[in-house]
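Step one of this worksheet: look at the structure below.
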Amino acid sequence: MKIQKITSTTSGSTFFLLFITCYFFSSIAVVVAKIGLEQDYINFIRYSFLIVSLIIMAFSTFLLSFKEKVVIAITFASCSLTILLSHSTWSIVLINSLYLAMYCKRLDLISVAKAIMVGNLCILIITLPLLVFSDSWGSFDPRYGIRATYGFTSPNIVAMYLFSFYSGLMLYLYAVVKSKAIALFFLTLFLFVFTLLINDTVSRTSLFFLYLSYSVFLLSLLFSWKNSWKILSYVCILLIVFIFIFQVYTSFNYNSEMGVINLALSNRIGLSSFLYQGVGLPKFIYGIDIEPYSPIDFFFIAYVYSLGVGLSLFLILIFIKRLSNIKINLALFAICIGGLLSTLTERQFLIPLCSIMLYIVYSKSLNKDN
Numbered sequence: 008m009k010i011q012k013i014t015s016t017t018s019g020s021t022f023f024l025l026f027i028t029c030y031f032f033s034s035i036a037v038v039v040a041k042i043g044l045e046q047d048y049i050n051f052i053r054y055s056f057l058i059v060s061l062i063i064m065a066f067s068t069f070l071l072s073f074k075e076k077v078v079i080a081i082t083f084a085s086c087s088l089t090i091l092l093s094h095s096t097w098s099i100v101l102i103n104s105l106y107l108a109m110y111c112k113r114l115d116l117i118s119v120a121k122a123i124m125v126g127n128l129c130i131l132i133i134t135l136p137l138l139v140f141s142d143s144w145g146s147f148d149p150r151y152g153i154r155a156t157y158g159f160t161s162p163n164i165v166a167m168y169l170f171s172f173y174s175g176l177m178l179y180l181y182a183v184v185k186s187k188a189i190a191l192f193f194l195t196l197f198l199f200v201f202t203l204l205i206n207d208t209v210s211r212t213s214l215f216f217l218y219l220s221y222s223v224f225l226l227s228l229l230f231s232w233k234n235s236w237k238i239l240s241y242v243c244i245l246l247i248v249f250i251f252i253f254q255v256y257t258s259f260n261y262n263s264e265m266g267v268i269n270l271a272l273s274n275r276i277g278l279s280s281f282l283y284q285g286v287g288l289p290k291f292i293y294g295i296d297i298e299p300y301s302p303i304d305f306f307f308i309a310y311v312y313s314l315g316v317g318l319s320l321f322l323i324l325i326f327i328k329r330l331s332n333i334k335i336n337l338a339l340f341a342i343c344i345g346g347l348l349s350t351l352t353e354r355q356f357l358i359p360l361c362s363i364m365l366y367i368v369y370s371k372s373l374n375k376d377n
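Numbering of the sequence shown is given in the working numbering, commencing with residue 8 and proceeding in unit increments.
Here is the structure:
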């Protein structure tokens with residue numbers, strides 16, 4: 008009875024602070040892991056932040072509803088089995104994102120946008136000094152020559168981080184800034200800045216996501232800033248189903264006839280097929296460590312193999328159900344579409360920094376069942 012009372016009376020400011028803190032700690036733990044520094048030093052920083060984040064989340068479980076605790080329990084049991092049997096740490100990232108989504112159910116969109124902006128600024132403050140000491144500022148690609156990495160280990164990863172920062176900025180401009188003119192000015196200004204940065208990484212997909220999101224957001228400014236439609240939620244659901252089926256089918260049935268598509272996707276189908284040929288079908292109850300087969304850039308292939316079929320489908324269905332119960336407007340759709348399409352070519356969607364769509368979908372502003 009006491010716990011139930013605490014749960015029902017916990018203020019929004021508590022969850023606001025929980026979200027900022029855990030968003031920052033869990034994001035920075037992933038971001039610093041990809042900086043080109045001595046591995047022992049990076050691991051110390053990474054695991055220190057990660058442990059703090061997990062401890063805070065564990066204590067905050069008492070503030071969640073009974074249904075949420077059941078989901079956490081199921082997820083934790085499956086993830087623990089995965090860690091014990093295959094030593095895969097992908098499930099830790101999932102747990103972080105799961106808690107952050109549950110915090111968002113108690114926050115309106117303005118609070119979420121402010122929290123992400125503050126969290127991103129803190130991430131930059133910690134990350135930028137570390138990048139100065141990195142010896143990895145470029146990566147040679149036989150097709151494109153030298154690709155900028157800005158101190159990180161991979162140009163594609165840093166490009167996705169940059170796109171995620173831009174998505175967070177878009178959400179802030181939409182939710183907090185009321186003037187369309189001011190929003191358009193800063194949206195366009197930072198478009199040029201992020202274009203220059205991403206262009207040097209030669210990440211075609213991230214650049215495409217950047218301009219796609221900007222274009223759709225621009226349409227929302229010109230035509231319908233606040234009107235919401237159920238059909239946009241259904242478009243997101245259809246994209247999830249399509250990308251999932253496409254990745255599973257092509258990876259499990261790869262042949263020479265898919266050569267052109269595989270080439271266009273930079274051998275992503277071939278690499279996922281190599282994983283399938285090496286270990287067979289994914290496990291049902293627990294996941295496996297796919298790092299020996301890296302890079303696996305198909306999100307849903309990495310997701311299902313790393314977490315197991317059972318937990319993966321369980322959480323996907325919960326997310327789809329949530330999507331089906333909300334209406335989103337064109338501006339929010341613009342922010343979501345880039346991250347959603349990134350699952351086709353990148354696997355960073357569940358990293359807290361890159362999970363903007365998750366926070367939008369679960370925000371209190373879009374749901375009436377909180």
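Ideal Cβ placement from N, Cα and C applies to all residues, glycine included.
_Residues of its chain near V286, where Cβ-Cβ distance is below 7 Å and the 5 sequence neighbours each way are ignored_ = I295
*Using three-state DSSP, classify W97 as helix, strand or coil.*
helix
_Three-way DSSP call (helix, strand, coil) for D207 in this model_ = helix
*Taking F83 and I58 to be in contact with their CB atoms under 8 Å, please state how far apart those CB atoms are, rounded to whole angstroms.*
Rounded, the Cβ-Cβ distance is 16 Å, inconsistent with contact.
*Decide if the stretch 355-371 is in contact with the stretch 165-174; the criterion is three or more beta carbon pairs, one per stretch, under 8 Å apart.*
yes
*Indicate whether L217 and F201 have their beta-carbon atoms separated by less than 8 Å.*
yes
*Let me know the alpha helix (DSSP H) ranges lying completely inside the stretch 45-109, each 4 residues or longer, listed in chain order.*
46-67 and 73-93
*asked:* Using a Cβ distance threshold of 8 Å, determine whether the stretch 122-139 contacts the stretch 35-48, with at least three qualifying pairs required.
replied: yes
*Keeping to the same chain, check which residues put their C-beta closer than 6 Å to that of I308; ignore five residues upstream and five downstream.*
Only Q254, S258 and S279 meet the Cβ criterion.
_What does the alpha-carbon distance come out to for the pair K371 and F230?_
25 Å
*Spatial neighbours of I92 within its chain, please: CB distance less than 7 Å, with the 5 preceding and 5 following residues excluded, ordered by chain position.*
Reading off the sequence, residue 92 comes out as Leu, not Ile. Hits under 7 Å: Y293.
*Identify which residue in F249, T212, Y157 and N336 has its Cα closest to the Cα of T352.*
T212
_Checking the sheet assignment: what are the DSSP bridge partners for R275?_
In DSSP, R275 forms no bridge with anything.
*What runs of the beta strand (DSSP E), each 3 residues or longer, lie entirely inside the stretch 118-196?*
145-148 and 152-155
*To which residues does DSSP link S235 through a beta bridge?*
N336
*Can you have a look at D304 and say buried or exposed, based on whether 16 or more other CB atoms are within 10 angstroms of its CB?*
buried
*State the DSSP-derived secondary structure class of I42, mapped to helix, strand or coil.*
Three-state result, I42: strand.
*Might you give, ordered along the chain, the residues of its own chain that have their beta carbon closer than 6 Å to the beta carbon of T160, omitting 5 neighbours on each side?*
K41, G43 and S143
*Only counting runs of 4 or more residues, tell me where the alpha helix (DSSP H) segments fall wholly within the stretch 265-320, in order along the chain.*
Within the stretch 265-320, the complete alpha helix (DSSP H) runs of at least 4 residues are 266-271, 275-286 and 306-314.
_Just to confirm, is the Cβ distance from I62 to T28 under 8 Å?_
no
_Please state the DSSP three-state secondary structure of I247._
helix
_For A80 and S301, what's the separation of their Cα atoms in angstroms?_
29 Å
_Same chain only: Cβ atoms within 6 Å of I123, ignoring 5 sequence neighbours per side_ = G175
*CB-CB under 6 Å to V316, same chain, minus the five flanking residues each way: which ones, in chain order?*
Excluding positions up to five away in sequence, the list reads P289 and F291.
*Are the stretch 177-185 and the stretch 329-349 in contact at 8 Å, needing three or more beta carbon pairs?*
yes
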